[in-house]
Every structure is written in structure tokens, then in C-alpha cells.
Amino acid sequence: MKTMQVIYEEPEFVVVVKSSGLLSVPGRGPENLDCVSERVKALYPGCIEQPSVHRLDMDTSGLLVIARTKEVHRNISIQFQEREVNKRYIAILDGELDGEEGIIELPFRLDIDNRPHQIYDPVHGKVGITHWKKLLVKDGKTRIEFKPITGRTHQLRVHSASEHGLGI
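Numbered according to my numbering, the sequence shown terminates at residue 184, and the numbering increases by one at each position without gaps.
Here it is in C-alpha cells:
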């Protein structure tokens with residue numbers, strides 16, 4: 017079930033928990049209009065038209081900060097652009113990971129023939145940087161902490177598959 021729960025509220029912004037399967041912002045086509053930003057606008061009349069300052073992939077659950085005013089939207093957006101925001105993701109990898117921690121730096125880009133997938137491309141790709149730390153290995157799976165330095169689309173999925181050969 018696609019859910020969104022407000023866990024913190026201020027007049028200028030809200031923090032919500034987004035479930036896996038729910039879009040952060042509207043997608044293409046009428047079947048992809050249900051999303052966090054539209055739900056927040058419905059809950060808070062007077063909310064700005066484009067309240068999202070960052071996104072999570074549809075299949076990712078987690079916290080989102082949603083601006084309710086233009087000033088806060090601008091301020092939080094600048095914090096993301098200047099990498100002042102610390103992002104932390106916990107994922108379960110399908111397999112046992114060697115090593116304890118490290119940094120992945122890989123160039124990748126949109127796979128034009130297979131949207132929205134991303135592919136490794138050392139020539140035309142933009143570099144994504146992710147710090148990772150193994151937390152636990154159990155039953156053939158690895159719990160890992162990712163701290164993305166850059167914020168590219170599907171970065172953690174691409175880095176996990178390319179560097180470790182393991183899917184999230």
C-alpha cells in the first residue's frame with residue numbers, strides 16, 4: 017500500500033515518511049499523479065505549487081522534507097545544492113559483501129534505450145560518489161549504510177550493482 021505519514025509539521029515545511037511504491041513528485045501520465053507533493057498540497061491549502069526540495073526513488077521508503085513556502089523551498093534547495101545536507105540510507109543487499117567500508121566513485125548516465133535505468137559510462141557519464149559501511153551480514157544478505165556525497169538518480173542502486181555486484 018502506498019502511504020505517506022506526516023511526522024513533523026511547521027508552518028513553513030513538513031517532514032513525511034514515504035512508503036516504497038509512492039512517487040515523490042508526479043510522473044508522466046494520469047496514472048502517475050498520486051505522489052507525496054500532491055498529497056501534501058491537498059493536506060495543506062496554500063502550500064506552494066512545487067513543494068518538493070528533494071526526491072526519493074519510487075521504490076525507496078524514507079523521510080522527505082517538503083516546503084510549504086517559497087522562501088523555505090529556496091533555502092532548503094540551496095542547502096542540498098551546496099551539499100550541506102547529510103543523507104543516510106540503510107539498504108539490504110542480496111548477497112554477502114566483502115570489506116567493511118569504502119568509497120565508490122563511478123561515472124554513469126541514463127540508459128536512453130531503457131529508461132529510467134542508469135548505466136556505467138566512463139566516457140559520457142557523470143561521476144557519482146558514495147561512502148558505504150557494512151553493518152551486518154546474515155542469512156546471505158548484507159545490511160549496509162550508504163552516505164551519498166553526490167545525489168544522482170538511482171546512484172545507490174548503480175553503485176551497489178557495479179562496485180559490489182549485488183542488488184538492493
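Glycine included, each C-beta is placed from N, C-alpha and C at the ideal position. This structure is a prediction, so every number in the text was calculated from the model and none was measured.
If distances are taken between C-alpha atoms only, which option among the options comes closest to residue i?
i             : options                         : result
serine 40     : Leu79, Glu28 and Pro27          : Leu79
alanine 177   : Val153, Ile135 and Leu59        : Ile135
valine 193    : Leu122, Thr166, His89 and Thr76 : Outside the displayed range of the chain (17 to 184) lies residue 193, so it cannot be described from this structure.
histidine 180 : Asp114, Arg90 and Asp73         : Asp114
threonine 191 : Ile106, Tyr24 and Asn91         : One cannot answer for residue 191 here, as it falls past the ends of the chain, which runs 17 to 184.
glutamine 66  : Gly43, Met74, Gly144 and Lys86  : Lys86
Helix, strand or coil for residue i? Go by DSSP, reduced to three states.
i             : result
histidine 180 : helix
leucine 38    : coil
proline 138   : coil
glutamine 21  : strand
valine 30     : strand
proline 46    : helix
glutamate 87  : helix
leucine 109   : strand
Can you grab the Cα-Cα spacing for the pair residue i / residue j, in whole Å?
i                 : j              : result
phenylalanine 96  : valine 31      : 15 Å
leucine 172       : serine 35      : 18 Å
threonine 158     : arginine 104   : 16 Å
glycine 111       : aspartate 155  : 9 Å
glutamate 26      : glutamate 116  : 39 Å
isoleucine 108    : proline 164    : 16 Å
phenylalanine 162 : tryptophan 148 : 5 Å
isoleucine 160    : valine 174     : 15 Å
isoleucine 64     : leucine 151    : 39 Å
Within 10 angstroms of the Cβ of residue i, are there 16 or more other Cβ atoms? Answer buried if so, exposed if not.
i              : result
isoleucine 82  : buried
methionine 17  : exposed
histidine 140  : exposed
glycine 118    : exposed
isoleucine 120 : buried
Would you call the CB atoms of residue i and residue j closer than 9 Å?
i             : j                : result
methionine 20 : arginine 55      : yes
valine 101    : phenylalanine 29 : no
cysteine 51   : leucine 59       : no
proline 132   : histidine 170    : yes
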